[in-house]
Structures are given as structure tokens and as C-alpha cells.
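*Asks:*
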Amino acid sequence: MPLALLALAVAAFGIGTTEFVIMGLLPDVARDLAVSIPHAGLLITGYALGVVFGAPILAIGTANMPRKATLLGMTLMFILGNVLCALAPNYATLMAARVVTALCHGAFFGIGSVVAAGLVAPNKRAQAIAMMFTGLTLANVLGVPLGTALGQYAGWRSTFWAVSVIGIIAALAQWLWLPKHIAMDKANLASEFKVLGKANVLLALGMSVLASTSLFSVFTYIAPILQDITGVSPHGVTVMLLLFGVGLTAGSMLGGRLADSRLLPSLVGVALAGVVVLAAFSQTSRSVVPAAITLVLWGIFAFALCPILQLLIIDQAHEAPNLGSTLNQSAFNLGNAAGAWIGGLVVASGADLADLPWTGALVGVLTVLTALLFIYLQRRRATAVNVSD
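In C-alpha cells form, the structure reads like this:
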């Protein structure tokens, strides 16, 4: 089903662009709306919290609706939210519009991941999820740099108009290419909620929160870091974001292959590599070429975790895959909000922007430790089962 996966990837491209492009436009938005950089950073936090709370509500509310109609409805909500962003006359209205846009985000990725995994053979599930998430990574390769450049040239509102057009294209692609009848199990709300009581599910969600917190505690403020520490011009920021996006794309595909072969060892290895790269960025951010190389590597390891964690939660929450997969998006965006908030606290405290990557590295260590605890509990559970048999 290559065209069906492509339709999901196009939608993921639009959603990823609208989520991440605000980071490249943060100084422009802050200046235009007369707010501080940390205050403008709350637009990222607000979006993330919209995903956190909106995703499970929409997932449960649409649990027994046809998958194609559900995904199309969420795409239409996405278009509406971006139009409202483009028209927002002040900070409060922009915040509200960002939240509207965010409501469909988590549920779309959660349900879309389950749909993508169901369109291919069992041993290709993670690669199908990675193909969908390629739209998200290409948003960082193309959408964010081009959206940033457009916003700097024609005003940040023009970027949201462009993203609205991408949403329309995504809706048409889904209408044309998604199968009319997509297999789905009848949802039972009791079993859907019961999955939240499983320790392995909670640990998997916790890893998504921590991995995302590590990423966004630094990436939220990547434009000020590159301009003030690295000495890159505003247009140079676009090029650096493009390089970061190249790393994200490579990482997403790498993560898909690793998850289909050795899921848990890959989880630990990739998370640990991300810690090392972030620690290095505290030093390499002071020079253009080393910073560029580090951004590519950081992108690879940061997004290699996405299909790994997405497949992990689908497997662990197999009784309620749609809710579990959607909650993973909530967890990711909870980390997004926490990361933006923690990074803002560090910046507001007067710390050097060059030291911000250490914050991300420390949170990354917690991700690794949680992964090791998960593996330990899995092995202990398997041993107990073998003994009882």
C-alpha cells in the first residue's frame, strides 16, 4: 500500500511543519507580538499540552469510527487551526489557534501509526511506521527551513497560510489513496483504560516523555543558540535547520530498521548515543562547522527513537493499540512541553545558552536508565513465567 502510506506521510509532513516551524520563527513572532523569547516559547508549550490532553480524548471518542473518516476529520481540523494561526491578531489568539491545531496532532499520529502497521507484513511494521514518520522528518528537512525562510521574507503569518495549503493537499491524498475499508477491532472502553495500569506500558510512555524532554529542552531555543553562540545569521539558521532535518530523516529510517530487528538493544544504544552528542554540542556550538556536524548526528539519534518507541508501545499495549499509540504521542508532546519549560527556566536564570545542551544530556541519561529498568523487568517477568511452567 505505498500510496496509502504516502498519504499518511503527506499529512505528517504538514503536521510536523506547523509544530516545529515556530521554533525557527520564534524571534520574529516575539518581536511582532511584543513578547519576550521565553514568553513566545510558551506557544510551543501550549501546542504540546493541546496534544497531551486532546489526543486521548479524540482517540477514545473516535475509537469505533471508520479509520479513513477519522483521519480525514483530523486533517480538516488541522487546516482550520492553521488558518486561525495566520489570522491571529494577538498573542492570546495565536495561542488558542495553536491549541486547536494541536488537538488533532496526537490522535492522527497514534491512529495513523496503527493503520500504517496494519497495511504491511508483520516483519515490516516498524518500517511502515517509519515511512509515515518520514513525513515528519521531511518537515524538518524541507518544511521547517523553507517555512522559516518564507516567514523571514514575507512575515511569519505567510508560513501558516502555506501550511494550510499543505493540509488541503494531505486531505486530498488521504481521500484518494487510503483504502475505503480499513480493518479495525471493535473497541472496548474498559479494556482501553485497563492498559494504562500495566507497568510496562507506563515505563514505555515514560521513556517517550524523557526522550522528548531531552530533545526540546535544547531544540526549542535552537535559533537563539545558533545566532548568539554559533554566530550564524538568520538565513544561516535556515541552513543549519536543513542539516538537522537531514539527520532526522536518516534517523527515522534507521530507527525503523533497527526496531524490526533488535528492538530493546537498539533503544538503549540510540538513547545513549543521543546523550553523548548533546554533551558534545555544549562545546561544538561555539563554531559553525562542528555545530553543523553535531546537529546532523543529533538529528539521527533523536529521531531514530521515534519508530522504536512507537512500535514498543503498540506491542506493549496490544489490547488497545490505538489508545496506546495515541498516548505515546501525548507522552512525546508532554516531553515537548516540559522541555520547552525547562529550557525556558534555564535561559531565564541567566545561564549561558551554550550550556543548555547539558540539560538535554542529563534528561537523556534518565531515558537510558528507564530503558535499562524496562529490560530488567521484562527479563524478570520472562524468567518467572518459565519457572512457573
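Here the sequence shown stands for residues 453 to 841, numbered as in my numbering.
Backbone N, C-alpha and C define an ideal beta-carbon position, used for all residues, glycine too.
Measure from the alpha carbon of ALA800 to the alpha carbon of each residue in LEU477, ILE489, ALA456, then state which is nearest.
*Replies:* What you label residue 800 is simply residue 348 of the sequence shown in a count that begins at 1. Nearest of LEU477, ILE489, ALA456 to ALA800, Cα basis: ILE489.
*Asks:* Could you pull out every residue in the same chain whose Cβ sits closer than 6 angstroms to the Cβ of ILE857, ignoring the five residues on either side in sequence?
*Replies:* In this structure the chain extends from 453 to 841, so residue 857 is not present and cannot be described.
*Asks:* With burial defined as no fewer than 16 other Cβ atoms inside 10 Å of the residue's Cβ, what is the status of ASN785: buried or exposed?
*Replies:* As a first step, residue 785 must be located in the sequence shown, where it is residue number 333. Buried, by the Cβ-count rule.
*Asks:* Between which two residues does the alpha helix (DSSP H) containing GLN679 stretch?
*Replies:* The sequence position of residue 679 within the sequence shown is 227, counting from 1. Where GLN679 is concerned, there is no enclosing alpha helix (DSSP H), given that its DSSP letter is neither H nor E.
*Asks:* Check whether the region 515-532 touches the region 628-635, counting contact only when three or more Cβ pairs, one atom from each stretch, lie closer than 8 angstroms.
*Replies:* Flag = yes, the region 515-532 and the region 628-635 touch.
*Asks:* In whole angstroms, what separates the C-alpha of VAL684 from that of ALA456?
*Replies:* Residue 684 sits at position 232 when you count from the first residue of the sequence shown. Residue 456 sits at position 4 when you count from the first residue of the sequence shown. For VAL684 and ALA456, the distance between alpha carbons rounds to 40 angstroms.
*Asks:* Compute the Euclidean distance between the alpha carbons of VAL740 and THR682, then round it to the nearest angstrom.
*Replies:* Within the sequence shown, residue 740 is the residue found at index 288, counting from 1. Within the sequence shown, residue 682 is the residue found at index 230, counting from 1. Near 6 angstroms, if we compare the C-alpha coordinates of THR682 and VAL740.
*Asks:* By Cβ distance, which residues of its chain are closer than 6 angstroms to PRO742, with the 5 residues on each side in sequence left out?
*Replies:* As a first step, residue 742 is located in the sequence shown; it is residue number 290 there, counting from the start. Around PRO742: THR736.
*Asks:* Use the C-beta contact count for THR835: other C-beta atoms within 10 angstroms, 16 or more gives buried, fewer gives exposed.
*Replies:* For the purposes of this step, residue 835 is identified with residue 383 of the sequence shown, where counting begins at 1. When all chains shown are included, THR835 counts as exposed.
*Asks:* Go through its chain and collect everything with a Cβ distance to CYS537's Cβ below 7 angstroms, but skip five positions before and after it.
*Replies:* As a first step, residue 537 must be located in the sequence shown, where it is residue number 85. Excluding sequence neighbours, CYS537 sits near LEU546, ALA549, ARG550, THR553, PHE612.
*Asks:* Could you name the residues of the same chain whose beta carbon sits closer than 7 angstroms to that of LEU815, not counting the 5 residues immediately before and after it, in chain order?
*Replies:* By 1-based counting over the sequence shown, the position of residue 815 is 363. The sequence as given places Val at residue 815; Leu does not occur at that position. Excluding sequence neighbours, VAL815 sits near LEU662, THR665, SER666, SER669.
*Asks:* Roughly how many whole angstroms lie between the Cα atoms of THR589 and LEU539?
*Replies:* As a position in the sequence shown, residue 589 is number 137, starting the count at 1. As a position in the sequence shown, residue 539 is number 87, starting the count at 1. One C-alpha to the other measures close to 27 angstroms.
*Asks:* Please determine if the region 812-829 and the region 687-694 are in contact, where contact requires at least 3 C-beta pairs separated by less than 8 angstroms.
*Replies:* Not touching, per the Cβ criterion.
*Asks:* Can you determine whether any heavy atom of the ligand ZN sits closer than 7 angstroms to the C-beta of GLY703, and answer yes or no?
*Replies:* The ligand ZN is absent from the structure shown, which contains no ligands of any kind.
*Asks:* Residues in its own chain within less than 6 angstroms of SER565 by CB, not counting five upstream and five downstream?
*Replies:* Counting from one through the sequence shown, the residue named residue 565 turns up at place 113. Excluding residues within five positions, the ones whose Cβ falls inside 6 angstroms are ILE581, GLN762, SER777.
*Asks:* By DSSP, does ARG714 sit in helix, in strand, or in coil?
*Replies:* Walking along the sequence shown from the start, residue 714 turns up at place 262. Note: ARG714 maps to coil in three-state DSSP.
*Asks:* Going straight from the alpha carbon of LEU695 to that of GLY751, what length do you get?
*Replies:* For the purposes of this step, residue 695 is taken as residue 243 along the sequence shown, with counting starting at 1. For the purposes of this step, residue 751 is taken as residue 299 along the sequence shown, with counting starting at 1. Between LEU695 and GLY751, the C-alpha separation is close to 9 angstroms.
*Asks:* Note down the Cα distance separating MET832 from LEU825, rounded to an integer number of angstroms.
*Replies:* The count along the sequence shown starts at 1 and reaches residue 832 at position 380. The count along the sequence shown starts at 1 and reaches residue 825 at position 373. In the sequence as presented, Met is not what sits at residue 832; that position holds Arg. Distance between the alpha carbons of ARG832 and LEU825 is about 10 angstroms.
*Asks:* From ILE496 to ILE634, what distance separates their C-alpha atoms?
*Replies:* If you number the sequence shown from 1, residue 496 lands on position 44. If you number the sequence shown from 1, residue 634 lands on position 182. Roughly 33 angstroms between the two C-alpha positions.
*Asks:* Closest to SER782 by C-alpha separation, out of ALA625, VAL504, PHE472, would be which residue?
*Replies:* Looking up residue 782 in the sequence shown gives position 330. Measuring from the Cα of SER782, the nearest candidate turns out to be VAL504.
*Asks:* According to DSSP, is HIS557 part of a helix, a strand, or is it coil?
*Replies:* Numbered from its first residue, the sequence shown carries residue 557 at position 105. HIS557: helix per DSSP, three-state reduction.
*Asks:* In three-state DSSP terms, what is VAL698?
*Replies:* The count along the sequence shown starts at 1 and reaches residue 698 at position 246. Here VAL698 sits in helix by DSSP.
*Asks:* In angstroms with no decimal places, state the Cα-to-Cα distance between TYR499 and GLU471.
*Replies:* Position 47 of the sequence shown, counted from the start, is the residue given in the question as residue 499. Position 19 of the sequence shown, counted from the start, is the residue given in the question as residue 471. For TYR499 and GLU471, the distance between alpha carbons rounds to 8 angstroms.
*Asks:* Assuming THR600 and LEU477 make a contact with CB atoms under 8 angstroms, what is their CB distance in whole Å?
*Replies:* Reading the sequence shown from its first residue, position 148 is the one you call residue 600. Reading the sequence shown from its first residue, position 25 is the one you call residue 477. Right, the Cβ-Cβ distance comes to about 6 angstroms (below 8 angstroms), so this counts as a contact.
*Asks:* Please look up how many angstroms separate the CB atoms of LEU808 and ILE677, rounded, as I've assumed it's under 8 angstroms.
*Replies:* Start at 1 with the first residue of the sequence shown, and residue 808 comes out as number 356. Start at 1 with the first residue of the sequence shown, and residue 677 comes out as number 225. The pair is a contact, with the Cβ atoms about 7 angstroms apart (cut-off 8 angstroms).
*Asks:* For ALA614, tell me which candidate among ALA573, VAL535, ALA675, LEU818 has the shortest Cα-Cα distance.
*Replies:* One-based indexing of the sequence shown puts residue 614 at position 162. Per the Cα distances, VAL535.
*Asks:* Would you mind reading off the limits of the alpha helix (DSSP H) that contains GLY468?
*Replies:* As a first step, residue 468 is located in the sequence shown; it is residue number 16 there, counting from the start. From DSSP, the alpha helix (DSSP H) with GLY468 extends over 454-476.
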